[in-house]
Amino acid sequence: MKVFIDKKVHLQIEEFYEAAMAHHITLDEATVLKKIDRLYDAMESLGTYANIYPIARLNADWISKGYQEFICEDFHFAYQIYTKEDGEQIVRIHDAVHSLLYH
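For the sequence shown, this note's numbering gives the first residue as 84, with consecutive numbering after it.
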């Protein structure tokens, strides 16, 4: 399945790591870029594994929207699988939050 990532997800990742680097002087940009690369690789591979992850369990908004959830690099991602009119299934990642902020 093709994977589409909402702009909000990109912003959540960027904002989290900007804040993390500002608060943790030992966290360098090279390390952050490697983590971000792994996040994006995992999101792209979600197209292969999207059906195996459970419905969100803790975030009330995600639960109410029926989002499924997967975790990578301490980030929780909320997504749904959609079927287009031509029958093709796609994955759309709607939201992301780091474990430290997840509730």
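No residue lacks a Cβ here, since even glycine has one placed at the ideal position from N, Cα and C.
- Ranked by Cα distance from residue 90, the first of 133, 175, 134 and 154 is 175.
- Around the Cβ of residue 152, a 10 Å sphere holds 16 or more other Cβ atoms; the residue is buried.
- Contact between the stretch 163-181 and the stretch 127-147 is present: three or more C-beta pairs spanning the two stretches fall below 8 Å.
- With contacts defined by Cβ atoms closer than 7 Å, residue 86 and residue 129 form a contacting pair.
- When the alpha-carbon of residue 149 is set against those of 180, 157, 140 and 122, the nearest one is in 140.
- Residue 106: member of the alpha helix (DSSP H) spanning 90-106, first to last residue.
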